[in-house]
Amino acid sequence: MAANSESRVPVLRVRKLNGHPVKVEGKYVLYWMIAARRTRWNFALDRAVELARELDRPLIVLEPLRAGYRWASDRIHRFVIDGMADNAKAFQGTGVVYHPYVEPDPGAGEGLLRGLAGEACVVVTDDFPAFFLPRMIGAAAEKLPARLEAVDSNGILPMRATEQVFARAFDFRRFLQRELKPHLVRLPRRDPLRTKLRPRQRLPDGIAKRWPRATEAVLEGGENVLADLPIDHQVPPAPYGGGAREGRRVLREFLKVRFKRYGEDRNHPDSDGASGLSPYLHFGHVSAHEVLQSLAEHEGWSPENVSGLKSGKRSGWWGMSAAAESFLDQLVTWRELGFNLCVHRDDFDLYESLPEWSRATLEEHASDPRPHVYTLEQFDGAETHDELWNAAQNQLRMEGRIHNYLRMLWGKKILHWSESPQTALEIMIELNNKYALDGRDPNSYSGIFWVLGRYDRAWGPEREVFGKIRYMSSANTRRKLHVNQYIERWDGWQPSLGF
Numbered sequence: 008m009a010a011n012s013e014s015r016v017p018v019l020r021v022r023k024l025n026g027h028p029v030k031v032e033g034k035y036v037l038y039w040m041i042a043a044r045r046t047r048w049n050f051a052l053d054r055a056v057e058l059a060r061e062l063d064r065p066l067i068v069l070e071p072l073r074a075g076y077r078w079a080s081d082r083i084h085r086f087v088i089d090g091m092a093d094n095a096k097a098f099q100g101t102g103v104v105y106h107p108y109v110e111p112d113p114g115a116g117e118g119l120l121r122g123l124a125g126e127a128c129v130v131v132t133d134d135f136p137a138f139f140l141p142r143m144i145g146a147a148a149e150k151l152p153a154r155l156e157a158v159d160s161n162g163i164l165p166m167r168a169t170e171q172v173f174a175r176a177f178d179f180r181r182f183l184q185r186e187l188k189p190h191l192v193r194l195p196r197r198d199p200l201r202t203k204l205r206p207r208q209r210l211p212d213g214i215a216k217r218w219p220r221a222t223e224a225v226l227e228g229g230e231n232v233l234a235d236l237p238i239d240h241q242v243p244p245a246p247y248g249g250g251a252r253e254g255r256r257v258l259r260e261f262l263k264v265r266f267k268r269y270g271e272d273r274n275h276p277d278s279d280g281a282s283g284l285s286p287y288l289h290f291g292h293v294s295a296h297e298v299l300q301s302l303a304e305h306e307g308w309s310p311e312n313v314s315g316l317k318s319g320k321r322s323g324w325w326g327m328s329a330a331a332e333s334f335l336d337q338l339v340t341w342r343e344l345g346f347n348l349c350v351h352r353d354d355f356d357l358y359e360s361l362p363e364w365s366r367a368t369l370e371e372h373a374s375d376p377r378p379h380v381y382t383l384e385q386f387d388g389a390e391t392h393d394e395l396w397n398a399a400q401n402q403l404r405m406e407g408r409i410h411n412y413l414r415m416l417w418g419k420k421i422l423h424w425s426e427s428p429q430t431a432l433e434i435m436i437e438l439n440n441k442y443a444l445d446g447r448d449p450n451s452y453s454g455i456f457w458v459l460g461r462y463d464r465a466w467g468p469e470r471e472v473f474g475k476i477r478y479m480s481s482a483n484t485r486r487k488l489h490v491n492q493y494i495e496r497w498d499g500w501q502p503s504l505g506f
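Start counting the sequence shown at 8; every next residue gets the next number (this note's numbering).
In structure tokens, the structure reads:
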């Protein structure tokens, strides 16, 4: 059985990863939830529910959290576990067996997925093109004794609706203007758990004993529950929670309070006009479809309002307000441009993947004298001469995010003050993935590589260090934007002092 014309899940979103047939004699359908960590607006869950209903089998959902992945920390673990707590509540009373598993030591979870797959009719998982997930899914496809399907629930456009890598946002936007409209009406279910399925009470014998469910203390954030885990305890939890409920609250607040002035305020740090949704989108706690649907309801909009514009220009395409058009350009064009690259190029996170022109100009200026040269440790500790840069780094360390515009400046100055462009890239990736809750994501890699010329053009006149790469300075930023309150809040902040 495969995705077909009668399926609610578009064929373009489903990949069969091995040659095993669906086992109609299996005891259940298994959904291995690893990226779209939510129970609503989720094509992968839709596919699992659909298969369970067609096969008349119960559904088991496994949501694991590994201990041994790179950059594992209290911050990332707490955010993911907040989502698990929400999911546990959402699955209660549905007849679906939900098993949140927090690995106590690296490798302790080995065998869990294979054990569950042994009695499964089919295994469904999330298709995510970055971090260690593609390698993990590929290895599972070879080892599991059951069919494995990966389902793309990442964005409005299916990742595999494109056959090429787009070098510019303008070109990708023009492609979207031609091709996106049919996908605006192919939505995942708002609440697939309303579908009546054959109930099941527990996991197969022996599974829960060997790989126990996360305790209520862990799920509810009890004191010191992360202390014994072999993860980085120097990166503390963010001062805001994760999970679908919190993500939806952030979305509602944004639309109610800050949305009207999004176009004017999003670039001003003192205004705090950003949506705040990026971490929730990254961990799959909130769906891009849900965000678009909420915005459509807020605007009184439907897909019929999309204009016939196919020029690649930003404004006037969606047939919405200026604020909505600006926001959707970030949510759809820029966010999904990152997925476009990651799904087509395995080397998306390597220096060699930069455009030829940017590598050439950076190499030509590699030996230029730098006004300052800082080490990774100095950058990490916000120990530069620049109070605005230090403020941005301190916000990243404390909150797990940087204001949108300042994130670009943050990267440009790392390029300016590193011994080489390759070193600058390594430092940006390390700091972003270590501290940012939306790190390790196609969209954040887009931002990092934009600093070095990806999705941009050559600029003149040439400058030392930058060559033809777009230049940014703290002095110009301070003249253009409102940053005084931001600097006052974050410059000089230290973890031991808090606020």
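For each residue, glycine too, the CB sits at the ideal point set by N, CA and C.
Item, Value
"Pick out the complete alpha helix (DSSP H) segments inside the stretch 111-157, 4 residues or longer, and give them in chain order.", "119-124 and 140-150"
"Would you call the stretch 360-370 in contact with the stretch 298-310, where contact means no fewer than 3 C-beta pairs closer than 8 Å?", "no"
"Given that a residue counts as buried once 16 or more other Cβ atoms are within 10 Å of its Cβ, and exposed if not, what is residue 398?", "buried"
"Once you ignore the five residues that flank residue 56 on each side, which residues in its own chain have a CB closer than 6 Å to its CB?", "199 and 202"
"Could you give the uninterrupted runs of the alpha helix (DSSP H) lying entirely in the stretch 379-462, keeping only those of 4 residues or more?", "383-387, 394-406, 411-423, 428-442 and 449-458"
"Would you mind reading off the limits of the beta strand (DSSP E) that contains residue 39?", "35-39"
"Go through its chain and collect everything with a Cβ distance to residue 145's Cβ below 7 Å, but skip five positions before and after it.", "none"
"Taking the C-alpha atoms as reference points, what is the distance between residue 91 and residue 394?", "38 Å"
"Using 8 Å as the threshold, is the stretch 272-279 in touch with the stretch 410-429, meaning 3 or more CB pairs across them?", "yes"
"For residue 248, which three-state DSSP category applies?", "coil"
"Determine the burial state of residue 64: buried for a count of at least 16 other Cβ atoms within 10 Å of its Cβ, exposed for fewer.", "buried"
"If we ignore side chains and look at the alpha-carbon of each, how far apart do residue 462 and residue 477 end up?", "11 Å"
"Strictly by DSSP, which residues pair up with residue 67?", "37 and 104"
"In chain order, what residues of the same chain have a beta carbon less than 7 Å from the beta carbon of residue 206, not counting five sequence neighbours either side?", "65 and 102"
"Buried or exposed: residue 505, going by 16 or more other Cβ atoms within 10 Å of its Cβ?", "Because residue 505 carries a pLDDT of 38, less than 50, the predicted location of this residue cannot be relied on, and no value is offered for it."
"Output yes or no for whether 8 Å exceeds the beta carbon distance between residue 474 and residue 383.", "no"
"If you count every other CB in all the chains shown that lies within 10 Å of the CB of residue 357, and 16 or more means buried, which is it?", "exposed"
"Would you decide whether residue 431 is buried or exposed? Buried here means 16 or more other CB atoms lie within 10 Å of its CB.", "buried"
"Buried or exposed: where does residue 345 fall if 16 or more other Cβ atoms within 10 Å of its Cβ makes it buried?", "buried"
"Okay, do the stretch 146-153 and the stretch 125-137 touch, 3+ Cβ pairs below 8 Å being the bar?", "yes"
"Evaluate residue 503 with the Cβ neighbour count: other Cβ atoms within 10 Å of its Cβ, from every protein chain shown; 16 or more gives buried, anything less gives exposed.", "Its pLDDT being 44, under 50, residue 503 is placed unreliably by the model, and nothing is read from it."
"Can you confirm whether the stretch 166-173 touches the stretch 64-84 when touching is taken to mean that 3 or more C-beta pairs between the two stretches lie within less than 8 Å?", "no"
"Below 8 Å between beta carbons: does that hold for residue 45 and residue 291?", "yes"
"Figure out for me which residue from 322, 252, 232 and 328 has the closest Cα to the Cα of residue 297.", "252"
"Apply the 10 Å Cβ neighbour rule to residue 460 and answer buried if 16 or more other Cβ atoms are within range, or exposed otherwise.", "buried"
"In the DSSP assignment, the beta strand (DSSP E) including residue 16 goes from what residue to what residue?", "Premise fails: residue 16 is in no beta strand (DSSP E) and is neither H nor E."
"If you draw a straight line from the C-alpha of residue 419 to the C-alpha of residue 480, how long is it?", "8 Å"
"Counting along the chain, where does the alpha helix (DSSP H) carrying residue 491 start and finish?", "491-497"
"Taking the Cβ atom as the reference point for each residue, do residue 226 and residue 74 lie within a distance shorter than 8 Å?", "no"
"I need the DSSP call for residue 12, collapsed to helix, strand or coil.", "Note on residue 12: pLDDT 40, under 50, position unreliable in the model; the coordinate value appears next. The answer is coil: DSSP assigns residue 12 none of H, G, I, E or B."
"Within 10 angstroms of its Cβ, does residue 242 collect 16 or more other Cβ (buried), or is it exposed?", "buried"
"Taking Cβ positions, are residue 258 and residue 293 nearer each other than 8 Å?", "yes"
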